[in-house]
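Q:
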Amino acid sequence: MESIKESVKNMPGFDKFQERFEQMKQQVLTDPGVMRFLRENPDISDVHAEKLLSSFYTFKNEQHACRNCPGLEKCPNLMQGYRSELTKVRHTVELRYKPCELKIIDEQKKSMTSLIKSYFIPKEILEARFDRLYKHSIDDTRRNAISKAYEFVQMAGSGQQSKGIYFYGKFGVGKTYLLGAIANGLAEKGVHSLIIHTPEFLREMKSSLSDGTFDSKMELLKTVPVLMLDDLGAENMTNWVRDEIIGVILQYRMMEKLPTLYTSNCDFEMLQQHLSYSQKGGLDELKALRIMERIKHLSTPVFMGGNKNFREDF
275 MESIKESVKN MPGFDKFQER FEQMKQQVLT DPGVMRFLRE NPDISDVHAE
325 KLLSSFYTFK NEQHACRNCP GLEKCPNLMQ GYRSELTKVR HTVELRYKPC
375 ELKIIDEQKK SMTSLIKSYF IPKEILEARF DRLYKHSIDD TRRNAISKAY
425 EFVQMAGSGQ QSKGIYFYGK FGVGKTYLLG AIANGLAEKG VHSLIIHTPE
475 FLREMKSSLS DGTFDSKMEL LKTVPVLMLD DLGAENMTNW VRDEIIGVIL
525 QYRMMEKLPT LYTSNCDFEM LQQHLSYSQK GGLDELKALR IMERIKHLST
575 PVFMGGNKNF REDF
């Protein structure tokens, strides 16, 4: 009976297949990376090397793909974003994979993103960086605010006790963008933060009473290492919002010495007036004063000015 090996040899087209195989083998074994590996491991015989052609072939192709990298999303390698390496293990050779530079950067970005939580904050704010702020800030008060923000990041990132900042100024001067830069600066140092657009979030808090998420959201705002309240003073004020939400959160953070940052169109005096009035409860200056004392205790006021609308730069 004819053996399988002989049967294959007698199949039509075998000669061409054999020729292509020999060409492929020659290309693989003369690949610079494969040749370097074989030189470094002289105990691998020619016969053994031929048995390892599959691994060498994958290695050659993936190294070629890396040299002509099409980007992480289009990476053709078996493990996307990983670079293969030939490794001698006892009497055989294995392909082992290490993340490439693009994969490492991508993982770092994802890790940083996981450190930043937000509610109702636009995507472009969450991509803010200090270098862009410095580039577009020609007003002295803006530069001062950026410097104060950067100092806060350095202190909080090194574990030092740091007081929060109350950024105030008219609409469009870059206050919210500055919070985004702070959040990213903190993420680079491994510090968790939370940014919320205060008016929208407070509206959501009311509905969360019925969906069972109120307590968990309150716990998050009270305990997050760095809390940032954007656009404080623009919300519809009620006794419940002031006393049961804002007051409770700030009281806890004051007791636990957790930094809180704010942005507002109001200075301290205007904010106190805003907190004094509620839609249904009328005037209560004493309770407003209590909230203000907590805000003042937790933060330093920093004015941001400028005649040009910061958003026009982006």
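Under the numbering used here, the first residue of the sequence shown carries the number 275, and numbering increases by one thereafter. A virtual CB, placed ideally from N, CA and C, is assigned to each residue, including glycine.
(1) Just verifying my parser: in three-state terms, what is the DSSP assignment at G307?
(2) Near M275, what residues of its chain come up, given a Cβ to Cβ distance below 6 Å and the 5 sequence neighbours on each side ignored?
(3) Determine, using beta carbons only, whether V576 and K422 come nearer to each other than 8 Å.
(4) Check the DSSP bridge columns for I439 and list the partner residues they point to.
(5) Can the beta-carbon of T534 be found closer than 8 Å to that of D504?
(6) Between the segment 459-469 and the segment 493-509, do at least 3 Cβ pairs fall closer than 8 Å?
(7) Please classify M544: does DSSP put it in a helix, a strand, or coil?
(8) Taking the beta carbon of F295 as the centre, do at least 16 other beta carbons fall within 10 Å, making it buried, or is it exposed?
(9) Would you report the Cα separation of S329 and E381, rounded to the nearest angstrom?
(10) Straight-line CA distance for T361 to F291?
(11) Pick helix, strand or coil for R403, following the three-state DSSP scheme.
(12) Assuming M528 contacts H571 (C-beta within less than 8 Å), just tell me the rounded distance between them.
(13) Could you tell me whether the segment 365-375 touches the segment 389-407, where touching means 3 or more Cβ pairs closer than 8 Å?
(14) Quick one, are the C-beta atoms of H548 and G580 less than 8 Å apart?
(15) What number of angstroms, rounded off, separates the C-alpha of T512 from the C-alpha of L376?
(16) Using a threshold of 8 Å, state whether the C-beta atoms of S550 and K437 are closer than that.
(17) In the DSSP assignment, the alpha helix (DSSP H) including L338 goes from what residue to what residue?
(18) Are the CB atoms of E509 and L476 nearer to each other than 8 Å?
A: The answer reads as follows:
(1) Taking the sequence shown and counting its residues from 1, the one referred to as residue 307 is at position 33. Note: G307 maps to helix in three-state DSSP.
(2) Here the question's residue 275 lines up with position 1 in the sequence shown. A caution first: M275 carries a pLDDT of 39, below 50, which makes its placement in the model unreliable, though a value can still be read off. Taking C-beta separations shorter than 6 Å and ignoring five residues to either side along the sequence, M275 has no partners in its chain.
(3) Stepping through the sequence shown from its first residue, residue 576 is reached at position 302. Stepping through the sequence shown from its first residue, residue 422 is reached at position 148. Contact: yes.
(4) As a working note, residue 439 is residue 165 in the sequence shown. Partner(s): T574.
(5) As a first step, residue 534 is located in the sequence shown; it is residue number 260 there, counting from the start. As a first step, residue 504 is located in the sequence shown; it is residue number 230 there, counting from the start. It is not a contact, given that the beta carbons lie outside the stated cut-off.
(6) Touching, yes.
(7) Here residue 544 refers to the residue found at position 270 of the sequence shown. Reduced to three states, the DSSP call for M544 is helix.
(8) Locating residue 295 in the sequence shown gives position 21, counting from the first residue. Classification of F295: exposed, given that the 10 Å Cβ count is below 16.
(9) Here residue 329 refers to the residue found at position 55 when the sequence shown is read from its first residue. Here residue 381 refers to the residue found at position 107 when the sequence shown is read from its first residue. If I take the Cα positions, the gap works out to 27 Å.
(10) Stepping through the sequence shown from its first residue, residue 361 is reached at position 87. Stepping through the sequence shown from its first residue, residue 291 is reached at position 17. Rounded to whole angstroms, the gap between the alpha carbons of T361 and F291 is 30 Å.
(11) For the purposes of this step, residue 403 is taken as residue 129 along the sequence shown, with counting starting at 1. In the three-state reduction of the DSSP assignment, R403 falls in the coil class, being assigned neither a helical nor a strand state.
(12) Looking up residue 528 in the sequence shown gives position 254. Looking up residue 571 in the sequence shown gives position 297. Contact flag correct, Cβ pair sits at about 6 Å.
(13) No contact exists between the segment 365-375 and the segment 389-407.
(14) Within the sequence shown, numbered from 1, the residue matching residue 548 stands at position 274. Within the sequence shown, numbered from 1, the residue matching residue 580 stands at position 306. Taking 8 Å as the cut-off, the beta carbon of H548 is found no closer than this to the beta carbon of G580.
(15) Working through the sequence shown from its first residue, we reach residue 512 at position 238. Working through the sequence shown from its first residue, we reach residue 376 at position 102. Going from the Cα of T512 to the Cα of L376 covers about 50 Å.
(16) Looking up residue 550 in the sequence shown gives position 276. Looking up residue 437 in the sequence shown gives position 163. Contact: no.
(17) The residue you call residue 338 lines up with position 64 of the sequence shown. This sequence places His at residue 338; Leu is not what is there. Under the DSSP assignment, H338 falls in the alpha helix (DSSP H) whose first and last residues are L327 to R341.
(18) Residue mapping note: residue 509 aligns to position 235 of the sequence shown, counting from 1. Residue mapping note: residue 476 aligns to position 202 of the sequence shown, counting from 1. Contact flag set, yes.
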